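So the structure is just underneath, and the comments pick up after that.
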Amino acid sequence: MSNGSREWSADNLKRICSVYVPVKQPLKSAAWWQRNFGLEYAVPFNPAESQAILKLTDGQWLHLVETDGEIDNQFPNKAGYEMFRFTFEVREIERLYDRLQSNGVKVEDLADRESCGINFVFYDLDGNKYDVNEVVHLHRAPEEVEALKARLFHYAN
2 MSNGSREWSA
12 DNLKRICSVY
22 VPVKQPLKSA
32 AWWQRNFGLE
42 YAVPFNPAES
52 QAILKLTDGQ
62 WLHLVETDGE
72 IDNQFPNKAG
82 YEMFRFTFEV
92 REIERLYDRL
102 QSNGVKVEDL
112 ADRESCGINF
122 VFYDLDGNKY
132 DVNEVVHLHR
142 APEEVEALKA
152 RLFHYAN
């Protein structure tokens, strides 16, 4: 290990503070995020910046950046599956899933990813793909997890 390496440790990268998402119309996109997720502006909209900046519950910022270019926020993994860039952590995933479906948001089916929890994928107005996750076994009692999975995935108890 070099001397310079000792100055750094694993806790230097603490969290992601901002995520930048390409959109065609930042204000329209911000309204969509507000309607579907209850996000609020982190700072007032400044048309000169051509972006709307919203704040997630834990303080991270979601920058909705206007682009004239092609929007392609996905990439294929080695098996050819179109990956999303990041996953949102949520609680009560089934309620969010139902709300997004009711609001006409494009969502894929809920998936039981076992130790990773329950997930689903959704798309924003510009076709950007996102993943949503609840590690249910960490946040719910075992009997709640069983009942939820039985209801969502028609598993036998």
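Here the sequence shown is numbered in the numbering used here, starting from 2 and rising by one per residue.
Glycine included, every Cβ here is placed at the ideal spot set by N, Cα and C.
Bear in mind that the values here come from a model prediction, so they are computed numbers and not experimental data.
Between which residues of its own chain and residue i is the CB-CB distance below 8 angstroms, once the five residues before and five after are set aside?
i      : result
Leu153 : Glu95, Leu111, Asp113, Ile119
Val44  : Ile54
Pro27  : Phe46, Ser51, Gln52, Ala53, Leu65, Val66, Glu67
His183 : Nothing in the structure corresponds to residue 183, since the chain is present only between 2 and 158.
Asn104 : Arg36, Asn37
Glu41  : Gln35, Leu55, Lys56
Glu83  : Gln75, Phe76, Pro77, Lys130
Just to confirm my understanding: we take residue i, look at its own chain, exclude 5 residues before and 5 after, and list those with CB closer than 7 angstroms. What are they?
i      : result
Phe85  : Gln75, Val122, Lys130, Tyr131, Asp132
Leu101 : Asn37, Val108, Phe123
Val106 : Asn37, Phe123
Rounded to whole angstroms, what is the Cα-Cα separation between residue i and residue j?
i      : j      : result
Asn37  : Phe89  : 14 angstroms
Ile72  : Glu115 : 32 angstroms
Tyr156 : Leu149 : 9 angstroms
Met2   : Glu8   : Because Met2 sits at a pLDDT of 47, beneath the cut-off of 50, its placement in the model cannot be relied upon, and the point is left open.
Asp69  : Lys25  : 7 angstroms
Cys18  : Asp125 : 21 angstroms
Leu14  : Trp62  : 16 angstroms
Ala49  : His140 : 42 angstroms
Glu144 : Gly39  : 30 angstroms
Asn134 : Val91  : 6 angstroms
Asp127 : Glu93  : 26 angstroms
Val136 : Asp59  : 17 angstroms
Ala80  : Phe87  : 18 angstroms
Leu97  : Pro23  : 23 angstroms
Ala142 : Asp99  : 22 angstroms
Report all residues from its chain with a CB closer than 6 angstroms to the CB of residue i; omit the five preceding and five following residues, and keep chain order.
i     : result
Tyr21 : His64, Val66
Arg16 : none
Check your understanding: Counting Cβ pairs, one atom from each stretch, are 3 or more of them under 8 angstroms apart for the stretch 13-31 and the stretch 51-69?
Key -> A contact exists between the stretch 13-31 and the stretch 51-69.
Point to revise | Runs of alpha helix (DSSP H) lying entirely within the stretch 33-121, each at least 4 residues, in chain order | key: Runs of the alpha helix (DSSP H) spanning 4 or more residues and lying entirely within the stretch 33-121 occur at 94-103, in chain order.
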